[in-house]
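Undergrad: I am attaching a structure below and will ask some questions about it afterwards.
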Amino acid sequence: MLAAVMKGPGQLDVMEVPTPEPGPGELLLKVGSNTVCGTDLRILKGEKTTGVRPGVVLGHEIAGTIAAVGEGVTGYAVGDLAVITPVVTCGNCWFCLRELEHFCEKSIYYGYALDGGLAEYCLAPEFVVKRKNVTVAKPGTPLTALSLVEPLGCVLNGLTNYKVFLGDTAVILGAGPIGLLHLTVCRLAGATQIIMSDPSESRRATAKALGADIVVDPLNEDLLQVVKDATSGRGADVCVIAIGRLELFAQALDLVRLGGRVCAFAGFPKGGSTGVDPNVIHYNEITVTGTSNSKRRHTEEAIHLIESGLIPADVIVSHTFPLEKAVEAIEFVSSGEGIKIAVVPE
Ligand SMILES: [Zn+2]
Ligand SMILES: [Zn+2]
Numbered sequence: 177m178l179a180a181v182m183k184g185p186g187q188l189d190v191m192e193v194p195t196p197e198p199g200p201g202e203l204l205l206k207v208g209s210n211t212v213c214g215t216d217l218r219i220l221k222g223e224k225t226t227g228v229r230p231g232v233v234l235g236h237e238i239a240g241t242i243a244a245v246g247e248g249v250t251g252y253a254v255g256d257l258a259v260i261t262p263v264v265t266c267g268n269c270w271f272c273l274r275e276l277e278h279f280c281e282k283s284i285y286y287g288y289a290l291d292g293g294l295a296e297y298c299l300a301p302e303f304v305v306k307r308k309n310v311t312v313a314k315p316g317t318p319l320t321a322l323s324l325v326e327p328l329g330c331v332l333n334g335l336t337n338y339k340v341f342l343g344d345t346a347v348i349l350g351a352g353p354i355g356l357l358h359l360t361v362c363r364l365a366g367a368t369q370i371i372m373s374d375p376s377e378s379r380r381a382t383a384k385a386l387g388a389d390i391v392v393d394p395l396n397e398d399l400l401q402v403v404k405d406a407t408s409g410r411g412a413d414v415c416v417i418a419i420g421r422l423e424l425f426a427q428a429l430d431l432v433r434l435g436g437r438v439c440a441f442a443g444f445p446k447g448g449s450t451g452v453d454p455n456v457i458h459y460n461e462i463t464v465t466g467t468s469n470s471k472r473r474h475t476e477e478a479i480h481l482i483e484s485g486l487i488p489a490d491v492i493v494s495h496t497f498p499l500e501k502a503v504e505a506i507e508f509v510s511s512g513e514g515i516k517i518a519v520v521p522e
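Under my numbering, think of the first position of the sequence shown as 177, with each following residue one higher.
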């Protein structure tokens, strides 16, 4: 089969490799779509090395069709649509036992250590199947939409942390794929006013098309004033940072009302620091949360939202590349063009 193999930093080869053969307890997925994200780019550039095995097949946003069911596996049938949750946890460590499995001390990841979804086929070894990291979706659900389950799962984990209540005003900094998913789930959770900020005109247009009430060009408009004007001077109930720029952290603290909530959802440059005055958090009683990763329950919730047609996947997945062009697809992510890029094996 064809697979995008990470030979070393900066070296991704799309090449022929043996097709995995599922043994007892294992499942084989025929990949239907694997969306790529900034993490793949960081792995490819050698900026992210922890847990990355040289020779691994990249890709962790994996959706496909069950192609073979190993002996003894129940609950799956050939032809089922399925999604792989890329973080495989141990189930027994301190965090796993406290429903914080996404912090599992022994977790391993698809596209880092386990061969990922930028290939024609993807194997779920026995321990992955036993941990129920392969989840079946309803027949007929588009596979490109299902490949959004991983980023959407992370966004749902974020929502659990930052919370949205009926009637809230939410500000989302960044209208890339993650910002647009936050827009969608904030609306579903009851936000009645959503303000999105992004310097890109095309991204603002997409945000508007997907229902953002106000879009702001932060380079040419005063975002703080816009938010104040829209909230009788109070500030937003919640602000989500969906783009990893350090200066946005201090800005987010200013954008929320007294008692408001801020989520540092995006990853920030390694070792960066912000000159935030902690008194802003102290006097304003701001709740600051972060988000990294998701749990298996978020996979299930994300699948339900996608099956129900509540996620505008056809807008968010803006470009499709064939597997042969996996390198170009990952490089395209850094160009800032398009929204979310799916790699679809022919
Ligand atoms: Zn990702
Ligand atoms: Zn664990």
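Each residue gets a CB set at the ideal place from its N, CA and C atoms; glycine is no exception. Computed from a predicted model, the values in this text were never measured in an experiment.
Could you confirm whether any beta carbon from chain C is found closer than 7 Å to the beta carbon of Thr467?
TA: The chain inventory of the structure shown lacks chain C, comprising one protein chain alone.
Undergrad: Expressed to the nearest angstrom, what Euclidean distance is found between the alpha-carbon atoms of Val438 and Val432?
TA: Roughly 7 Å between the two C-alpha positions.
Undergrad: Using only Cβ atoms and a threshold of 5 Å, which residues come within that distance of a heavy atom of ligand 3? Order them by chain position.
TA: Among the ligands modelled here, namely ligand 1 and ligand 2, ligand 3 does not occur.
Undergrad: Can Thr265 be considered in contact with ligand 2, in the sense that its beta carbon sits closer than 6 Å to one or more heavy atoms?
TA: Yes.
Undergrad: Could you give the uninterrupted runs of the alpha helix (DSSP H) lying entirely in the stretch 293-348, keeping only those of 4 residues or more?
TA: Those alpha helix (DSSP H) runs which fall completely within the stretch 293-348 and span 4+ residues are 302-306, 319-322, 325-338.
Undergrad: Quick check: the Cα distance between Leu294 and Pro262, rounded to an integer number of angstroms?
TA: The alpha-carbon atoms of Leu294 and Pro262 are separated by roughly 13 Å.
Undergrad: Let me check one thing: in DSSP terms, what residues is Ile498 bridge-paired to?
TA: Reading the sequence as shown, one finds Pro at residue 498 and not Ile. For Pro498, which the question treats as bridged, DSSP gives the partners Val520.
Undergrad: When you measure from the CB of Lys308 to every non-hydrogen atom of ligand 2, does any distance come out below 6 Å?
TA: Every heavy atom of ligand 2 is 6 Å or more from the Cβ of Lys308, so no.
Undergrad: Please list the terminal residues of the continuous beta strand (DSSP E) segment that includes Val207.
TA: 203-212 is the extent of the beta strand (DSSP E) around Val207.
Undergrad: Counting only runs of 3+ residues fully inside the stretch 421-455, write out the beta strand (DSSP E) ranges in chain order.
TA: For the stretch 421-455, whole beta strand (DSSP E) runs of length 3 or above, ordered along the chain, are 432-440.
Undergrad: For Thr465, which option in Tyr338, Trp270, Lys404 has the closest C-alpha, if you only look at C-alpha atoms?
TA: For Thr465, the nearest C-alpha among the options comes from Tyr338.
Undergrad: Apply the 10 Å Cβ neighbour rule to Glu202 and answer buried if 16 or more other Cβ atoms are within range, or exposed otherwise.
TA: Classification for Glu202: buried.
Undergrad: Could you tell me the alpha carbon to alpha carbon distance between Glu192 and Glu500, rounded to whole angstroms?
TA: Distance between the alpha carbons of Glu192 and Glu500 is about 11 Å.
Undergrad: Is Glu237 helix, strand or coil when you go by DSSP?
TA: Strand, per DSSP.
Undergrad: Rounded to a whole number of angstroms, what is the C-alpha to C-alpha distance between Ile219 and Val228?
TA: Answer to the nearest angstrom: the Cα atoms are 8 Å apart.
Undergrad: Apart from the five residues just before and just after Tyr285, which ones in its own chain have a Cβ nearer than 8 Å to its Cβ?
TA: Cβ neighbours of Tyr285 beyond the five flanking positions: Gly227, His236, Pro262, Val263, Val264.
Undergrad: Throw me the rounded Cβ distance for the Ile417 and Ala428 pair, which I believe falls under 8 Å.
TA: Rounded, the Cβ-Cβ distance is 5 Å, consistent with contact.
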